[in-house]
Amino acid sequence: MNTFSRHRIRPQATSISVWTLAVLVACLGAHSLWQYLAPRAPHVADALAGGLLAAGATALGTVPVMFSQALSEKVQDAMFGFGAGVMLAACAFSLVAPGIDAAGELGHGPWSAGLIVGGAVLLGAAVLLAMDRLLPHEHFIKGKEGIEVHRLRRTWLFVFAIALHNLPEGLAIGVGYVGNDPVRGSALATGIAIQDVPEGLVVALALLSAGYRRSFAVALGMLSGLVEPAGAVLGAVVVGWSAALLPWGLGFAAGAMLFVISHEIIPESHRKGHEVYATCGLMLGFVLMMLLDTALA
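Convert by adding 238 to the 1-based position in the sequence shown; the result is the number in our numbering.
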């Protein structure tokens, strides 16, 4: 956190009200959209519900910041590791393996199916790398990255960073509902939602440490989760167009998540010398997601 300035940023009270109103409007809009989609495109409605579950978990994680800002760096790094473990297991059991199976059902042999999903994994990582390079954003520890835009307020740098992190999770949820049966799709959404609780807490704490007011940090942390239902609907709609897109969509989502894990989460969790805590969190997260995926299948 040493790259942040320590001065307090005091947003207008009206700005906080706007954020709160935006959350309420988004929730009402999502509910109306779900009611519209449920009878017409059930898989898209399921994806929306899974994305909203993850968004709600992110919002839940920010709530403790309203009452206390004390959280040790070891605990934060363990939380980062836990999230990385959940996402790694989701990539393996909920995305890559079903993607290879889906390619096989389309008539591809083992090598061809593996190459299709492998190519999609690389494509997903490449797209996230391009977004990481082009979009101006600010890491919680490393500072600013991407094209420098002097007129952007620091708030929006955080917004871009959070969107880069949450978009692959939303895509994975949406594609997971199309590529798996509803039970396995729900297991994937549940696993991502579980790791979103500590993630929401860490995001809000990072904003608080950067100098934002407590209420503003919580509001922005809650709003950050809304990227996930949007990504879930996008993933479900695109992959739902054609069965041939399914292995590509599953692999793409896995590659995007793997990029975030390697480029963002693991480096952040190891940067302060708490590798053991981060690794233990990763192992626990991996096993939990593995159990959710395999036991509920």
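In this text, a Cβ means the ideal position worked out from N, Cα and C, and glycines have one as well.
Report the residue from L262, T296, V282 and A268 whose alpha carbon sits nearest the alpha carbon of G463.
Nearest option by C-alpha distance: T296.
Hey, is the region 413-422 in contact with the region 325-343, meaning 3+ C-beta pairs nearer than 8 Å?
The region 413-422 is in contact with the region 325-343.
Output needed for P431: all residues of its chain with C-beta closer than 7 Å, excluding positions within five of it in sequence on either side, in chain order.
One detail in the question is off: residue 431 reads as Ala in this sequence, not Pro. Only L291, A292 and A295 meet the Cβ criterion.
When you compare only the Cα positions, how much space is there between M239 and A444?
Here the model assigns M239 a pLDDT of 43, short of 50, so the residue's position is not dependable, and the following value carries that caveat. Approximately 8 Å between the Cα atoms of the pair.
DSSP state of R509, grouped into three classes?
Three-state result, R509: coil.
Going residue by residue through the region 254-327, where are the continuous alpha helix (DSSP H) segments of at least 4 residues, counting only ones entirely within it?
The region 254-327 contains these whole alpha helix (DSSP H) runs: 280-300 and 311-327.
Among I503, A481, P467 and R451, which one has its Cα closest to the Cα of F305?
Nearest option by C-alpha distance: R451.
For the 8 Å Cβ check, are there 3 or more pairs between the region 462-477 and the region 402-411?
Contact holds: three or more Cβ-Cβ distances are below 8 Å.
Quick one, are the C-beta atoms of A358 and F490 less than 8 Å apart?
Going by C-beta atoms, A358 is nearer than 8 Å to F490.
Could you give the C-beta distance for I504 and G321, rounded to a whole number, given that I count them as a contact under 8 Å?
The Cβ separation is near 10 Å, so there is no contact.
Please name the residue, chosen from G423, V301, A316 and G289, that lies closest to L522 on a Cα-to-Cα basis.
Here the closest residue by C-alpha is A316.
Just curious, the alpha helix (DSSP H) that E466 is in, first and last residue?
From DSSP, the alpha helix (DSSP H) with E466 extends over V465 to G478.
Tell me the rounded alpha-carbon separation between L439 and G459.
Each residue's alpha carbon lies about 8 Å from the other.
Taking C-beta to C-beta, are A494 and V365 nearer than 8 Å?
Result yes, Cβ atoms of A494 and V365 sit closer than 8 Å.
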